[in-house]
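>
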Amino acid sequence: MFDKILVNNYEMPIVGSGTNTFGKVGNTYTNPLRGDTKEVVMAIQNGYRHLETAQSYRTEGVVGKGIAKSGTPRSEFFITTKLATRNGYQGDDWAHAEIQKSLKSLQTDYIDQFLIHHPMTDDEILAAWKILEDYYKKGVFKSIGVSNFKEDQLKLILDHATVPPHANQIESHLGKWQHDLIAFHNTHNIATTAWSPLKNIDQPSKQLSAIAEKYGKTIAQIVLRYQIQRGVIVIPKSHNKDRQAQPLNIFDFQLTEEETTQISKM
Ligand SMILES: NC(=O)c1ccc[n+]([C@@H]2O[C@H](COP(=O)([O-])OP(=O)(O)OC[C@H]3O[C@@H](n4cnc5c(N)ncnc54)[C@H](OP(=O)(O)O)[C@@H]3O)[C@@H](O)[C@H]2O)c1
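Residues in the sequence shown are numbered from 385 upward in steps of one, following my numbering.
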């Protein structure tokens, strides 16, 4: 597995597995948990060592149990999770308690990447960021960042931080590549992770189908390859063993400049 070296030199596998519906009844985000770790174990067997979760997904425990069950040491995994901030920042005591819950559910004493899940008011962002910095300085978080942040919100952190954000996890896929925001990230050494990276692959253009055919790859593999060639980390998710394996099989070919230019306009 290939790694991206973050600005603090911590290594992040460039392909990870999302988990937001894993272990849930009917594979549905809002449904209750089934109590098994089937998809996480399948991902680990397929070769994933980067697993991405969040407090709000309720799948931290599924990831923690799956890793424990796999017999593969915790140290071989890169785990990302996120502070649930959709309802704002509920104070330092709340943040500490939520972080302790994450560590317990994930069955670990450190987290490879900890993110603020959604932007809030400026004061709330800065209060949350200070907590993330404290855990980073203590070595509990190995890298810290945000998700769904826009340029202004990143600038706010950059202007006030003692530790700059290492990553921003954003929606990025066919039809919404986010070229401008990613250029801003690159200027500030902020790694980009693309969520929902497979959105819109079901109705590919003729051009995209032709590129896939040329390399003997699926459309999913072509769009993921495009992302990693421009330095973007991807966290696709599948409940199906074969489809889940595909993103790990994109390192044996290279899109030409002409092809990446074509895809960048799709
Ligand atoms: N930070 C955020 O706010 C945020 C928001 C949304 C999502 N996320 C994260 O991003 C992860 C991925 O996003 P996502 O689940 O929304 O979308 P996704 O990974 O882009 O797409 C998932 C869908 O694609 C199908 N699929 C998977 N692999 C495929 C392949 N090789 N070929 C064809 N179809 C394939 C899956 O169906 P099957 O299961 O049937 O294969 C599933 O329906 C989530 O798990 C979550 O962890 C983060």
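Glycine included, every Cβ here is placed at the ideal spot set by N, Cα and C.
Please read all numbers here as calculations on a predicted model, not as lab measurements.
For the alpha helix (DSSP H) containing Ile483, name the first residue and the last one.
That run of the alpha helix (DSSP H) goes 476 to 489.
> Do you know whose CA, among Lys514, Glu555, Asn392, lies nearest Thr656's CA?
With the chain covering only 385 through 650, there is no way to say anything about residue 656.
> DSSP state of Met504, grouped into three classes?
Met504: coil per DSSP, three-state reduction.
> Report the three-state DSSP secondary structure of Val618 (helix, strand or coil).
Reduced to three states, the DSSP call for Val618 is strand.
> If you run the structure through DSSP and keep just helix, strand and coil, what is Ile578?
The question names Ile, but residue 578 in the sequence shown is Ala. Reduced to three states, the DSSP call for Ala578 is strand.
> Indicate whether at least one CB of chain C lies closer than 7 Å to the CB of Arg442.
The structure shown contains no chain C; it holds only a single protein chain.
> What does a CB cutoff of less than 6 Å around Gln591 pick up in its chain, not counting 5 residues either side in sequence?
Gln646.
> Could you tell me if the beta carbon of Gly402 falls within a distance shorter than 6 Å of some heavy atom in ligand 1?
Because some heavy atom of ligand 1 lies under 6 Å away, the Cβ of Gly402 counts as near it: yes.
> Figure out for me which residue from Asp518, Ile509, Asp477 has the closest Cα to the Cα of Ile500.
The shortest C-alpha separation from Ile500 is found at Ile509.
> Would you decide whether Phe739 is buried or exposed? Buried here means 16 or more other CB atoms lie within 10 Å of its CB.
With the chain covering only 385 through 650, there is no way to say anything about residue 739.
> Report the partner residues of Ser340 according to the DSSP bridge assignment.
Residue 340 cannot be examined here, being either before or after the span of the chain that is shown, 385 to 650.
> If Glu460 sits next to Arg433, beta carbons under 8 Å apart, how far is it from one beta carbon to the other, in whole angstroms?
Indeed, because the Cβ distance is near 6 Å, the residues count as touching under 8 Å.
> What are the residues that DSSP puts in a beta bridge with Leu417?
According to DSSP, which records beta bridges pairwise, Leu417 is partnered with Lys408.
> Rounded to the nearest angstrom, how far is the Cβ of Ile483 from that of Ser454, given a contact under 8 Å?
The Cβ separation is near 24 Å, so there is no contact.
> Ligand 1 and Ile619: does the residue's C-beta get closer than 6 Å to at least one heavy atom of that ligand?
Yes - ligand 1 has a heavy atom lying nearer than 6 Å to the Cβ of Ile619.
> What residues are listed by DSSP as bridge partners for Gln471?
According to the sequence as given, residue 471 is Asn; it is not Gln. Partner(s): none; Asn471 has no beta bridge.
> On a Cα-Cα basis, can you pick out the residue from Thr492, Asn532, Ile451 that is closest to Thr699?
Residue 699 is absent from the model: the chain starts at 385 and stops at 650.
> Going by the CB atoms, is the gap between Ser527 and Tyr413 shorter than 7 Å?
No, they are not a contact pair.
> Which of the three DSSP states, helix, strand or coil, is assigned to Ser454?
Note: Ser454 maps to helix in three-state DSSP.
> Does the segment 565 to 584 come close enough to the segment 593 to 602 to have 3 or more Cβ pairs within less than 8 Å?
Result no; under three Cβ-Cβ pairs closer than 8 Å.
> Going by other Cβ atoms of all chains shown within 10 Å of its Cβ, with 16 needed for buried, is Val409 buried or exposed?
Looking at its Cβ environment, which holds fewer than 16 other Cβ atoms inside 10 Å, Val409 is exposed.
> Just list the residues that DSSP pairs Leu499 with in beta bridges.
According to DSSP, which records beta bridges pairwise, Leu499 is partnered with Lys466, Gly529.
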